[in-house]
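What follows is a single structure, written as structure tokens, with notes after it.
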Amino acid sequence: MDYLKAFVVGGIICVIGQILIDKTKLTSARILVLFVVCGCVLGGLGWYQKLVEFAGAGASVPLFGFGNTLARGVMSEIDEAGAMGIFTGGLKAAAGGITAAIVSAFVMACIFDPKEK
Amino acid sequence: MPKDITKKQYSNMVKKASPDSPIITNCLKAFFVGGIICTIGQLITNCCRIFGLSIEQSGNFTSIILVIAASVLTGLGLYSKLGKFAGAGSIVPITGFSNSVTAPAIEFKKEGFILGLGAKIFIVAGPVILYGVLTSIAVGIVYYILS
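From first to last, the protein sequence lines stand for chains A and B. Residue 87 in my numbering sits at position 16 of the first sequence; the count goes up by one each step and never skips. Residue 60 in my numbering sits at position 45 of the second sequence; the count goes up by one each step and never skips.
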């Protein structure tokens, strides 16, 4: 059942992105930024976490979830460390994804050459 | 062809003659591919839970696995093929973020490791991290004041 929820909710979030691309001609970089910022705001309001609890990876895998992670990291760090958490919480929570992305990108760039188009 | 044709009739004719808007097809493709990526994510999360990781750790681990997998697929040149088919279905999941880091890293390697690979690796990730962090700071300030 949780697989079905993840499939449907994740799919719907991607359709939102597709409609934005087709209707507004936003570039993919703008879509990524928009989704992370929206996810962060929704996460700050506490709304997105409810969707994560319902849909699991269907809500946390799309980039809204990345923004939500930033917001939740900041809030839990403020609870623990006070005002300093405003600065340290966000990236701390997102560190795994960002580090994995840049390290594996570097390794891949060392292994592979650009493909001919 | 009759000459006394109104603008409205003409635009109707154009509509009939031009192919159907691909937006429905695009959305269906995005739905299926995005949904499948999230389902794979759910599978990884469930496996982590079986091995006794907490919910937060499982989420983190899932992101890391998906990011690395997408990075490898990008290196092999397969992710761009998926992207051509799936559109937003391959951009919106975190795998799309990973692709947007790996693709320029490979592309700009030939311009050197510092200002080529090193700088261009953040060409999309940079704005995402910048505006994500700015928003999280704003969320943090509001949360700190309210709490």
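A virtual CB, placed ideally from N, CA and C, is assigned to each residue, including glycine. Computed from a prediction, not measured in an experiment: that's the story for all the values here.
1. In whole angstroms, what is the alpha-carbon distance linking G49/B and G102/B?
2. Are there three or more Cβ pairs, one per stretch, closer than 8 Å when the region 179-187 of chain A is compared with the region 76-95 of chain B?
3. My guess is that G90/B and I121/B are in contact by the Cβ rule of under 8 Å, so how many angstroms apart are they, rounded?
4. Let me check understanding here. Comparing Cα to Cα, which of T60/B, V29/B, S95/B lies closest to Y74/A?
5. For the region 159-172 of chain A, enumerate the residues whose C-beta is nearer than 7 Å to any C-beta of chain B, in chain order.
6. When the Cβ atoms of the region 124-135 of chain A are set against those of the region 150-160 of chain A, are three or more pairs found closer than 8 Å?
7. On the three-state DSSP scale, how would you describe P119/B?
8. Starting from the N-terminal side, write out each stretch of the alpha helix (DSSP H) that is 4 residues or longer and does not extend beyond the region 101-155 of chain B.
9. Would you kindly work out how many angstroms separate the C-alpha atoms of L68/B and G167/A, rounded to a whole number?
10. Could you name the residues of the region 81-93 of chain B whose beta carbon sits closer than 8 Å to any beta carbon of chain A, in the order they occur along the chain?
11. When you compare each of T77/B, I109/B, G133/B to V174/A by their alpha carbons, which one comes out closest?
12. Enumerate in chain order the residues of its own chain whose CB-to-CB distance from S113/B is below 6 Å, with the five nearest sequence positions on each side excluded.
13. Could you list which residues in chain A have their beta carbon closer than 9 Å to that of K99/B, in chain order?
14. Between the C-alpha atoms of D150/A and P108/B, what's the straight-line distance to the nearest angstrom?
15. Relative to chain A, which residues along the region 45-62 of chain B have a C-beta separation below 9 Å, given in chain order?
16. Note down the Cα distance separating T140/A from L116/A, rounded to an integer number of angstroms.
17. Give the single residue among I102/A, F78/A, A77/A whose Cα lies nearest to the Cα of I87/A.
18. Measure the alpha-carbon distance for L97/A versus M146/A and round it to whole angstroms.
Taking the coordinates as given:
1. 9 Å
2. yes
3. 7 Å
4. T60/B
5. G160, G161, L162, G167, G168, I169, A171, A172
6. no
7. helix
8. 103-106, 109-122
9. 15 Å
10. L81, V82, I83, S86, V87, T89, G90, L91, G92
11. G133/B
12. V82, A85, S86
13. Ordered by position in chain A, no residue passes the 9 Å Cβ test against K99/B, which lies about 11 Å from the chain.
14. 29 Å
15. A45, F46, F47, V48, G49, G50, I51, I52, C53, T54, I55, G56, Q57, L58, I59, T60, N61
16. 13 Å
17. I102/A
18. 31 Å
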